[in-house]
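Undergrad: For reference, the structure I am asking about is given below.
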Amino acid sequence: MNPMNDIVSVSVPPGSYLPDAINPALLRRALVIKLRHHGDVLLTSPVLSSLKAAAPACEIDALVFSDTAPMLQGHPALHTLHCLGRDWKKLGPLTQLRKELGILKALRARQYDLIIHLTDHPRGAWLTRLLKPRWAVAPQRSKGGGWWKKSFTHLYRTVGGGRRHTVETHLDALRRLGIRPQGDARKLSLVPGTAAEARIDALLAQHGLNAKGFIQIHPASRWFFKCWPVGLNAELLRVLAAQGLKIVMTGAPDPREREMVDAILNQANVPVVNLTGELNLSELGALTSRARLFVGVDSAPMHIAAAVGTPCVALFGPSGDKEWGPWGVEHRIVTSSHSCRPCGQDGCGGGKVSECLYAISVQQVSQAIAEVLAS
Amino acid sequence: MARYNTILAHRPMHIVHTEASCGWGGQEIRILEESRGMIERGHSITLVCPEEATIFARAKDWGISAIALPIGEKRWANFKAMRAWILANHGKFDVINTHSSTDSWLVALSNLSLGKKACPVVRTRHISAPVKNSFVNRWLYGKAAAQVVTTGESLRNDLVDHLSLPPDHVQSIFTGINTKRFEPGDKVAMRTQLGLDVNAKWIGIIATLRSWKGHKYLLKAVAELDDPRIRIVIVGDGPQRDKLNRLTVELGLSRIVRFAGQQRDVVPWLQALDMFVLPSYANEGVSQAVMQAMATGLPVITTPIGSSSDIVKPGLTGMLVPPKDSKALAQAIRTLLDNPQEAHKLGQGARSFALEHCGIERMLTRMEAVFQRVAG
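Order-wise, the sequence lines are chains A and B.
Note that our numbering numbers the first sequence so that position 24 is 24, with each residue one more than the last.
Each position in the second sequence, counted from 1, maps to that position plus 1000 in our numbering.
Listed below in structure tokens is the structure:
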């Protein structure tokens, strides 16, 4: 397994072989659309950085769901962040319509030269048709044929089978336009903000922790079929505590995640700092940036760790580590030897329990942790 | 959706150009040059213009069929003539390309009154004069024309910004130059033919003699250098001629400056030069002369005025000096004279850049795509 980051520098001659490459110098305003979950949105940050590097004069906006806004807020290449609410549907059809029209008006006023739509959701095609940019790029879609195709000027091809990292797939949108992402612009970026940093510094002081003096463990995920079982987590805690390592547990302010962390702590019965449910996403970013090491599963907090440059030990079950592994940071990926993985299913047979995660031993994980700590 | 310079399936089209203006300049040359290229690509062209327009007389020389129609003014009679012509020729052409304000209005209003017999319109805007943001202008550019083409990027941006037009509605397709005509030639033969000293170092400027073209700074720079090898050739005529003549005498450069006046064909003059200088300090878009010199393979020294820096990349395709700075200009000329290899490299870079980016083919392909899209 590649212990260092996946960002391989390949020297490619300058110039473009594309007959329909765009001239980035002509871009004045661009919009990146990513209406998905937190991790997906965070993995678009290299698109913003790379586009900015190619077109320094271009104002780059993004359109995301409002709950994922902290993933891009404060990004150095970002001009304006437009947000759609996931809860607008609950407000009644009239309010929803008014809100949708409001955002459409705001977007139209920006007169975008370029729209980069990074999912195959029809909403991006609708928006592109309404906003009439000079250029628009989206992934190729097997279904929906002509209507989808005619909504965009450029379509990029995706690599199937989970063989390409999602960040590279996102950057393929730029490559299709003739913009080649290079160097540090391909790294993830997350800016927690000064308020979050101040709160975390205060919290760490309160618990007597030093920056880079503790390990962060984030055992839960929105999808429980991606999580390592409670018993093994507890055993790992005991092993790490016996080594004298300071541990901070984190989790989302969600009753199921709290329950899981509480169960782990009850079984382990070792001293740890438990911040589960106490931090928002920006504060989580600020905390992770101060951790010596992040231990967790394939989830948004793992991508946050990669974005703030904290080394990761990541446990992968049914999801693909080539596609979703920690990007651009020192890491170890721990998996079982199941021949079926990554299957992309929600548990074996769709039963919400992934046996490949149960098969990962505590010894495997603690060894990976020791390796990263030693390097 | 906008298909950016995409080559679509080829289908011969009949394109009608309307031009109400009677003058003769870059706008008219672009129309004729573009039309000739389109004919070479298998399309047919009809030019509609007033009988007294210069372009009507010259169209024949370019092999373009022109029809005289009284459309020179925004009058009722002219509207009737335009409308009647469109109606009479309905179905015989695919698209109308309007160029000046008057003919755009006549065609737009005709279309408005023709209902289903209206024809698709492409509006080309050649000049940079600001367009007032009014309801009628938004209609003329936004609704009455299916596509708007400008000859420069900043022109495009002004239109999109001031009239709040959709970004894919306006494209900039700048006039290319004929890279088959402007190509490196035999320096010695050309100098002999034009009566220029074969062994000297010839610096050239081709521009209308106007103050902002900066001839003055070139003369001062050369006077400063005081190099016996240097000769200057000034091609062009204009209001500043007497002033420049006097300045030449004052600076003691009479023996080395050659005023060639207005030239119909500048190719031999460019081919005879060692370097091209255009020290303008205002009012430039992308200078045609600079592109022509680059296509001829000359090292170019110019200023970052207008969009010149789009094509002149320092150290790759030419040199940039600050405007109104004869010392910096002298320094740049000295560099090129003392390093013939560097000068040669810049000339080569300029030529390959011009071939790739400034050729007329690019303009034709993109115009073709616009017409095809609008014609449906």
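The beta carbon of each residue, even a glycine, is placed where N, CA and C say it ideally should be.
Out of B/His1162, B/Val1286, B/Ala1020 and B/Met1275, point me to the one whose CA is closest to B/Ile1311's CA.
TA: The shortest Cα separation from B/Ile1311 among B/His1162, B/Val1286, B/Ala1020 and B/Met1275 belongs to B/Val1286.
Undergrad: Could you tell me which residues DSSP pairs with B/Trp1202 in its beta bridges?
TA: In the DSSP output, where bridge partners are listed per residue, B/Trp1202 has B/Arg1231.
Undergrad: Helix, strand or coil, according to DSSP, for B/Tyr1004 in the structure here?
TA: Since pLDDT at B/Tyr1004 reaches only 46, below the 50 mark, its modelled position is unreliable, and the value read off the structure follows with that caveat. Coil at B/Tyr1004, not helix or strand.
Undergrad: Report the partner residues of B/Gly1318 according to the DSSP bridge assignment.
TA: Its beta-bridge partners are B/Pro1314.
Undergrad: Kindly indicate which residue of B/Leu1244, B/Ser1254, B/Ile1206 and B/Arg1229 has the alpha-carbon position closest to the one of B/Val1235.
TA: Ranking the options by Cα distance to B/Val1235, first place goes to B/Ile1206.
Undergrad: Is there at least one Cβ from chain A nearer than 8 Å to B/Asn1157's Cβ?
TA: So yes, B/Asn1157 belongs to the interface.
Undergrad: Could you give the DSSP three-state label for B/Gln1263: helix, strand or coil?
TA: If DSSP states are grouped into helix, strand and coil, B/Gln1263 belongs with coil.
Undergrad: For B/Thr1098, name the three-state secondary structure that DSSP assigns.
TA: Strand at B/Thr1098.
Undergrad: Find the nearest neighbour of A/Leu18 within the set A/Leu177, A/Ala314 and A/Asn274, judged by alpha-carbon distance.
TA: Here the closest residue by C-alpha is A/Leu177.
Undergrad: Using a 10 Å radius around the Cβ and a threshold of 16 neighbouring Cβ atoms, would you call A/Leu97 buried or exposed?
TA: A/Leu97 is exposed by the Cβ-count criterion.
Undergrad: Let me confirm a value: A/Asp87 is counted as buried when at least 16 other C-beta atoms fall within 10 Å, else exposed. Which label applies?
TA: With fewer than 16 other Cβ atoms within 10 Å, it is exposed.
Undergrad: With DSSP collapsed to three states, give me the class of B/Pro1130.
TA: Of the three classes helix, strand and coil, the one that applies to B/Pro1130 here is coil, per DSSP.
Undergrad: Taking buried to mean at least 16 other C-beta atoms within 10 Å of its own C-beta, is B/Glu1051 buried or exposed?
TA: Classification for B/Glu1051: exposed.
Undergrad: Would you mind telling me which residues of chain A sit closer than 7 Å to B/Val1160, beta carbon to beta carbon, in chain order?
TA: Chain A residues near B/Val1160: Gln111.
Undergrad: Are the Cβ atoms of B/Leu943 and B/Gln1240 separated by less than 8 Å?
TA: Residue 943 of chain B is absent from the structure shown; chain B starts at 1001 and stops at 1376.
Undergrad: With a CB to CB cut of under 6 Å and the five nearest residues on each side skipped, what residues in its chain are close to A/Leu27?
TA: Counting only Cβ-Cβ distances below 6 Å, and skipping sequence neighbours, we find Ala55, Cys58, Asp113 and Leu114.
Undergrad: For A/His75, list the residues DSSP reports as bridge partners.
TA: Paired residue(s): none; A/His75 is not in a bridge.
Undergrad: For A/Ala376, does the count of other Cβ atoms within 10 angstroms reach 16, so buried, or fall short, so exposed?
TA: Residue coverage of chain A in this structure runs from 1 to 375, which leaves residue 376 of chain A outside it and unanswerable.
Undergrad: Between B/His1017 and B/His1099, how many whole angstroms is the CB-CB distance? I'm expecting something under 8 Å.
TA: Confirmed, Cβ separation roughly 7 Å.
Undergrad: Determine the direct distance from the alpha carbon of A/Val248 to that of A/Leu236, and round the result to whole angstroms.
TA: Roughly 13 Å separates the two Cα atoms.
Undergrad: Find the nearest neighbour of B/Arg1036 within the set B/Ala1057, B/Asp1061, B/Val1048 and B/Glu1019, judged by alpha-carbon distance.
TA: Measuring from the Cα of B/Arg1036, the nearest candidate turns out to be B/Asp1061.
Undergrad: In chain order, what residues of the stretch 120–154 of chain A put their CB closer than 9 Å to some CB of chain B?
TA: Listed in sequence order: Thr128, Arg129, Leu131, Lys132, Pro133, Arg134, Trp135, Ala136, Lys150, Ser151, Phe152, Thr153 and His154.
Undergrad: Run down chain A in chain order and give the residues with a C-beta less than 7 Å from the C-beta of B/Pro1167.
TA: Per Cβ cutoff of 7 Å: Gln111, Tyr112, Asp113, Lys132, Pro133 and Arg134.
Undergrad: Grouping DSSP H, G and I as helix and E and B as strand, with all else coil, what is A/Phe294?
TA: Strand, per DSSP.
Undergrad: When the cut-off is 8 Å and only beta carbons count, does B/Glu1033 lie next to chain A?
TA: Answer no: the Cβ-Cβ gap between B/Glu1033 and chain A never drops below 8 Å.
Undergrad: Report the neighbours of B/Glu1153 on chain A: residues whose CB is nearer than 7 Å to its CB, in chain order.
TA: The contacting residues are Leu26.
Undergrad: Residues in the same chain with beta-carbon distance under 8 Å from B/Ile1039, minus the five sequence neighbours each way, listed in chain order, please.
TA: These residues qualify, in order along the chain: Ile1045, Gly1063 and Ile1064.
Undergrad: Can you pull the DSSP bridge partners for A/His117?
TA: Note: A/His117 sits in a beta bridge opposite A/Ile33.
Undergrad: Going by CA-CA distance only, name the one from A/Ser45, A/Asp254, A/Ala173 and A/Pro219 that's closest to A/Val378.
TA: The requested residue 378 of chain A is not part of the displayed model; chain A covers only 1 to 375.
Undergrad: Does the count of Cβ pairs from the stretch 36–47 of chain A and the stretch 65–77 of chain A closer than 8 Å reach three?
TA: Contact between the stretch 36–47 of chain A and the stretch 65–77 of chain A is present, because at least three Cβ pairs lie under 8 Å.
Undergrad: Could you tell me the distance, in whole angstroms, from the CA atom of B/Lys1213 to the CA atom of B/Ala1289?
TA: Roughly 11 Å between the two C-alpha positions.
Undergrad: Going by Cα to Cα distance, which pick from B/His1357, B/Met1294, B/Ala1295 and B/Ile1203 is closest to B/Arg1334?
TA: Taking only the C-alpha atoms, the option nearest B/Arg1334 is B/Ile1203.
Undergrad: Identify whether A/Leu81 lies in helix, strand or coil by the three-state DSSP scheme.
TA: A/Leu81 falls in the strand class under three-state DSSP.
Undergrad: Of all the options A/Gln363, A/Asn274 and A/Cys227, which has the alpha carbon lying nearest to the alpha carbon of A/Phe298?
TA: At residue 298 of chain A the sequence reads Asp, which differs from the Phe that was named. It is A/Cys227 whose Cα lies nearest to the Cα of A/Asp298.
Undergrad: Just the Cα atoms here: how many angstroms apart are B/Ser1172 and B/Val1149?
TA: Distance between the alpha carbons of B/Ser1172 and B/Val1149 is about 6 Å.
Undergrad: DSSP state of B/His1215, grouped into three classes?
TA: Three-state DSSP puts B/His1215 in a helix.
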